[in-house]
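Add 732 to a position in the first sequence, counting from 1, and you land on the number used in this note's numbering.
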Amino acid sequence: MLDMKFVRDNVDLVRRKMLERGQDIDVSRFSTLDQKRRDILREVEALRNERNTVSKEIGRLKKNKEDASLLIERMGEVSSRIKSLDEDLKDTETTLNEMIMIIPNVPHESVVYGEGADDNPVIRTWGEKPSFDFEPKPHWDIGEDLGILDFARGAKITGARFTLYWGLGARLERALINFMLDLHTMDHGYTEVLPPFMANSHSMTGTGQLPKFEEDLFKVEGTDYYLVPTAEVPVTNIHNGEIVDEKDLPLYYVAYTPCFRAEAGSYGKDTRGLIRQHQFNKVELVKFSKPETSYDELEKLTLNAEEVLKRLNIHYQTVSLCTGDLGFSSAKTYDIEAWMPGQGAYREISSCSNFEDFQARRAGIRYRKEGSGKVDFAHTLNGSGLAVGRTVVAVLENYQQKDGSVIVPDVLIPYMNGVDRITSVK
RNA sequence: GGAGAGAUGGCUGAGUGGCUGAAAGCGAUCGCCUGCUAAGCGAUUGUACGCCCCAAAAGGUGUACCGGGGGUUCGAAUCCCCCUCUCUCCGCCA
733 MLDMKFVRDN VDLVRRKMLE RGQDIDVSRF STLDQKRRDI LREVEALRNE
783 RNTVSKEIGR LKKNKEDASL LIERMGEVSS RIKSLDEDLK DTETTLNEMI
833 MIIPNVPHES VVYGEGADDN PVIRTWGEKP SFDFEPKPHW DIGEDLGILD
883 FARGAKITGA RFTLYWGLGA RLERALINFM LDLHTMDHGY TEVLPPFMAN
933 SHSMTGTGQL PKFEEDLFKV EGTDYYLVPT AEVPVTNIHN GEIVDEKDLP
983 LYYVAYTPCF RAEAGSYGKD TRGLIRQHQF NKVELVKFSK PETSYDELEK
1033 LTLNAEEVLK RLNIHYQTVS LCTGDLGFSS AKTYDIEAWM PGQGAYREIS
1083 SCSNFEDFQA RRAGIRYRKE GSGKVDFAHT LNGSGLAVGR TVVAVLENYQ
1133 QKDGSVIVPD VLIPYMNGVD RITSVK
C-alpha cells in the first residue's frame, strides 16, 4: 500500500499515476476521509488525556479517603463519549484502509506509458532463434508423442489445467529445479529456503494478493489458509512484522515451491499444454534491500534469472512492462520472454519486480539504519528464476529433433543422471 | 482428538487494578578511565499515529500499544469472555 501521508499530500499526482495504469481512483474522497479521521483523532485524544489526568486525581483522592464521586460521574460521561468517538474512528479507518489497500503501486519514473502488453519496450535480446529443417512442433505434441506429458490423465485425476508427467519428463522437471537452485545458491549468492506451500490471509494481504485478488487463489475450505500462488508470498513474509539490521541487507533468498492459481478470467486462454496450469513449479528469487539500492538489485536479479536461459542456451528477450501492464504491487517489472519455436512466439518465463516499500508497508518489513538508528521500510523484490513448467516447454520446443526426440541441454545432463537425449518410450 | 501450562521491550525475566512504557539483568550505542586487551564507571537505548514548531532535519507535546479481539471499571499488562499461537503429557500418525 501507499503511504497515507504521501497520498494525502499528492492527491493529483497519485490520481494521474493511477490513470496511467488505466485505473480511475477517487483519491480526493480518500483525502476527505483522512481529514475526518484526524479530526476525530484529535478530539478523542484530548478526551483520553483528560480521563488519564482525572483518573490519577481520583486515585489520589481515594487514597486520602476524600470524596471523588463528582469526578467519577464526570469521567463516566467522558468515557462514553470516547467510546462513541472510537466507533466513528474505527469506521473511518476501516473505510480508509479498504480504500488504500486496493490502490496499486505508483509506477517508477522509468516505466513508460502504455495501455497493455503490446506497448512493453524490449530492453535486450540474447541468443538467436534456432532454425529447423522441419516444422517445429508445439510442446504438447512433443510431450505426448514422447510419452512424457499426459494431459488426458492429468485432467482425469484432477481436471483441466493439470498435467501428469512420466519418466524422463518428470526427471526433466526435477533436473531444472535442481539446476536452478544450484545456480542461484552457488553462483549468485542466494540462501535456499523451503517455505510452507500454504499461507494465511495475513501473509496474502502482506504481499498484495488480498484483498483484491481473492478469486485468483485456491482457499483451503474451513481454514484461513490459501495455496501459495507463488513463493513470493511465503518468502517475502519471512520478515513480516520484523525490523532487520541495515548491515544484514540486502537479503537474497531462493525457494522452490509449487504454485497454485485459480486462473479466473483466463478461460479459453492457453488451454493446451503446460503454459497455463492450475499447478506449476517455480524457483523464485526474493530480495530485501535498502531503498537506495533496490533498482540496482532489480537489474542484478533480472540478470540472475536470465542466466538460467543463457546456460540452457535458449533465445530470449527482456521487456519492461509499461504502466498499463504493470502488476498491482509493482513499481517496475521486467518480463523475460523465452522463444518458443513450436508456438512461434516469445512467452513469459520470468517476471522480475521491484515493489519498493509497497509490500513492506503492508507487511511491516522494516530495517534499522546504522548511523541514526532510525527505522524505515525496506524494499522488496522478487522474480522467477524461472517458472519451471514453462522452462520445460522452452527446452522441449527449442531442443526438439526431426525424429521427435529431444536433446538434453549440456548443463542439465548431470541433473538427468547422464541422460543426454529424451526419446520415445512408446 | 483429550488434559494441562504459557504468550510482557533486541534477548532473559519481574509485575494480580492507579505511583508501570513497563523493575532487574543481558546485549547495543556514546562518553570516562586504564600502555593494549579485558574489567570498571556514567549516560543513552521501543514502535505507530496526532498536534505544535519548522524550508527540512532536530525538537516539544499528546494518544495508543505487554499475542489478537471484545467486556467490566472513573482508571486494565493486571479482572472476565472469545480467538490465535507456543510448550508439556496422552492418543493417532508420515
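Ideal placement from N, C-alpha and C gives every residue a C-beta, glycine not left out. Quantities reported herein were computed from a predicted structural model and do not represent experimental measurements.
Check: Taking the alpha-carbon positions, what's the R903 to V1151 distance?
Finding: Taking the first sequence and counting its residues from 1, the one referred to as residue 903 is at position 171. Taking the first sequence and counting its residues from 1, the one referred to as residue 1151 is at position 419. Their Cα atoms are separated by approximately 10 Å.
| said: So for S763, helix, strand or coil by DSSP? | reply: For this step, residue 763 is matched to residue 31 along the first sequence. Here S763 sits in helix by DSSP.
What does L1084 pair with, by DSSP beta-bridge criteria? Position 352 of the first sequence holds residue 1084. This sequence places Cys at residue 1084; Leu is not what is there. According to DSSP, C1084 bridges with Y1066, G1115.
task: Would you give the residue range spanned by the beta strand (DSSP E) that R885 belongs to?
output: Within the first sequence, numbered from 1, the residue matching residue 885 stands at position 153. Not the beta strand (DSSP E): R885 falls in the alpha helix (DSSP H), residues 883 to 889.
Report the rounded CA-to-CA distance for A1095 versus S842, giving the unit in angstroms.
Locating residue 1095 in the first sequence gives position 363, counting from the first residue. Locating residue 842 in the first sequence gives position 110, counting from the first residue. Answer to the nearest angstrom: the Cα atoms are 26 Å apart.
- May I ask you to verify whether the region 1089 to 1109 touches the region 967 to 983, counting CB pairs closer than 8 Å and requiring at least 3? yes
**Prompt:** Whose CA, out of Y984, H1010, S998, lies closest to the CA of L959?
**Reply:** Sequence index remark: in the first sequence, residue 959 carries index 227 (1-based). Ranking the options by Cα distance to L959, first place goes to H1010.
* Measuring CB to CB, does A1119 end up less than 8 Å from K1014? -> Residue numbering aside, residue 1119 sits at position 387 when the first sequence is read from its first letter. Residue numbering aside, residue 1014 sits at position 282 when the first sequence is read from its first letter. Yes, the Cβ-Cβ distance between A1119 and K1014 is below 8 Å.
For this session: Would you kindly work out how many angstroms separate the C-alpha atoms of G1076 and H1047, rounded to a whole number?
Result: Position 344 of the first sequence, counted from the first residue, corresponds to residue 1076. Position 315 of the first sequence, counted from the first residue, corresponds to residue 1047. Those two C-alpha atoms are separated by around 12 Å.
Q. If you check the beta carbons only, do R1153 and V1138 fall under 8 Å apart?
A. Counted from its first residue, the first sequence places residue 1153 at position 421. Counted from its first residue, the first sequence places residue 1138 at position 406. Yes; because the gap between Cβ atoms is below 8 Å, this pair is in contact.
With DSSP collapsed to three states, give me the class of V843.
As a position in the first sequence, residue 843 is number 111, starting the count at 1. Reduced to three states, the DSSP call for V843 is coil.
For this session: Check whether the Cβ atoms of Y922 and Y984 lie closer than 8 Å to each other.
Result: In the first sequence, residue 922 corresponds to position 190, counting from 1. In the first sequence, residue 984 corresponds to position 252, counting from 1. In contact: Y922 and Y984 (Cβ atoms closer than 8 Å).
- prompt: Smallest Cα separation from I975: which of E1069, I1097, R770, P982?
  reply: Counting from one through the first sequence, the residue named residue 975 turns up at place 243. When each option's Cα is compared against that of I975, the closest is I1097.
Item to complete: Would you kindly work out how many angstroms separate the C-alpha atoms of R856 and S1052, rounded to a whole number?
Response: One-based indexing of the first sequence puts residue 856 at position 124. One-based indexing of the first sequence puts residue 1052 at position 320. Going by the C-alpha atoms only, they are around 10 Å apart.
| message | Spatial neighbours of M750 within its chain, please: C-beta separation below 6 Å, excluding the five flanking residues on both sides. | response | Taking the first sequence and counting its residues from 1, the one referred to as residue 750 is at position 18. Closer than 6 Å at Cβ, skipping near neighbours: I757.
Original post:
Is DSSP giving S816 helix, strand or coil here?
Top reply: In the first sequence, counting from the first residue as 1, residue 816 sits at position 84. Reduced to three states, the DSSP call for S816 is helix.
Next on the checklist: Taking the beta carbon of S816 as the centre, do at least 16 other beta carbons fall within 10 Å, making it buried, or is it exposed?
Outcome noted: Residue numbering aside, residue 816 sits at position 84 when the first sequence is read from its first letter. Under this definition S816 is an exposed residue.
Notebook entry, point to check: In the DSSP assignment, what residue or residues form a beta bridge with T923?
Noted result: Position 191 of the first sequence, counted from the start, is the residue given in the question as residue 923. According to DSSP, T923 bridges with Y985.
Can you tell me where the alpha helix (DSSP H) with K749 in it begins and where it stops? One-based indexing of the first sequence puts residue 749 at position 17. Looking at the DSSP string, the run of the alpha helix (DSSP H) that includes K749 is 743 to 752.
Integer Cβ distance of G846 from C1054, believed to fall under 8 Å: Translated into the one-based positions of the first sequence, residue 846 becomes position 114. Translated into the one-based positions of the first sequence, residue 1054 becomes position 322. Confirmed, Cβ separation roughly 3 Å.
- Query: Under 8 Å, do L878 and G1136 count as touching if we go by C-beta distance?
  - Reply: As a working mapping, residue 878 is identified with position 146 in the first sequence. As a working mapping, residue 1136 is identified with position 404 in the first sequence. Yes, Cβ-Cβ distance for L878 and G1136 is below 8 Å.
DSSP three-state call for Y1078: helix, strand or coil? For this step, residue 1078 is matched to residue 346 along the first sequence. Strand.
| Can you name the residues that DSSP bridges to I1139? | As a position in the first sequence, residue 1139 is number 407, starting the count at 1. DSSP output for I1139 lists R1153 as bridge partner(s).
Have a look at I772, Q1049, L821, S998 and flag the residue whose alpha-carbon is nearest the alpha-carbon of D948. For the purposes of this step, residue 948 is identified with residue 216 of the first sequence, where counting begins at 1. Here the closest residue by C-alpha is S998.
*asked:* Within 10 Å of its beta-carbon, does V952 have 16 or more other beta-carbons around it, so buried, or fewer, so exposed?
replied: Within the first sequence, the letter at position 220 stands for residue 952. Under this definition V952 is an exposed residue.
**Item:** Exposure label - K869; buried when at least 16 CB within 10 Å
**Value:** Position 137 of the first sequence, counted from the first residue, corresponds to residue 869. K869 is buried by the Cβ-count criterion.
8 Å Cβ cutoff met for L821 and L765:
Locating residue 821 in the first sequence gives position 89, counting from the first residue. Locating residue 765 in the first sequence gives position 33, counting from the first residue. Not closer than 8 Å, so no.
Note to self: Can you confirm whether the region 1104 to 1115 touches the region 1026 to 1038 when touching is taken to mean that 3 or more C-beta pairs between the two stretches lie within less than 8 Å?
What the structure shows: yes
Worksheet entry | Nearest-angstrom Cα separation, counted from D735 out to E978 | Here the question's residue 978 lines up with position 246 in the first sequence. Here the question's residue 735 lines up with position 3 in the first sequence. Answer to the nearest angstrom: the Cα atoms are 21 Å apart.
Less than 8 Å between the CB atoms is what I'm expecting for L896 and R885, so what's the real figure, rounded?
Counting from 1 along the first sequence, the entry for residue 896 is found at position 164. Counting from 1 along the first sequence, the entry for residue 885 is found at position 153. Sure, about 5 Å apart at Cβ, within 8 Å.
I'd like to know whether the C-beta atoms of L1006 and V838 end up nearer to each other than 8 Å. Walking along the first sequence from the start, residue 1006 turns up at place 274. Walking along the first sequence from the start, residue 838 turns up at place 106. No, they are not a contact pair.
Please go through the same chain and pick out, in chain order, the residues whose beta-carbon is closer than 8 Å to the beta-carbon of K1149, but skip the five residues on each side of it. Translated into positions along the first sequence, residue 1149 becomes position 417. According to the sequence shown, residue 1149 is Asn rather than Lys. The answer, listed in chain order, is R903.
Beta bridge counterpart(s) of T1050 as assigned by DSSP | On the first sequence, residue 1050 is found 318 positions in, with the first residue counted as 1. Per DSSP, R856, I1068.
inquiry  = Restricting to Cα atoms, I'd like to know which of T939, H934, T937, M930 is closest to F950.
reply    = The residue you call residue 950 lines up with position 218 of the first sequence. Of the candidates T939, H934, T937, M930, the one whose C-alpha sits nearest the C-alpha of F950 is M930.
Exercise. When you compare each of T1050, V1040, R769, R761 to F911 by their alpha carbons, which one comes out closest?
Worked result: Locating residue 911 in the first sequence gives position 179, counting from the first residue. Selected option, being the one with the closest Cα: V1040.
Take E1102 and list the residues in its own chain whose beta-carbon comes closer than 8 Å to its own, dropping the five residues that flank it on each side. Here residue 1102 refers to the residue found at position 370 when the first sequence is read from its first residue. So the list reads D977, E978, K979, once near-sequence residues are dropped.
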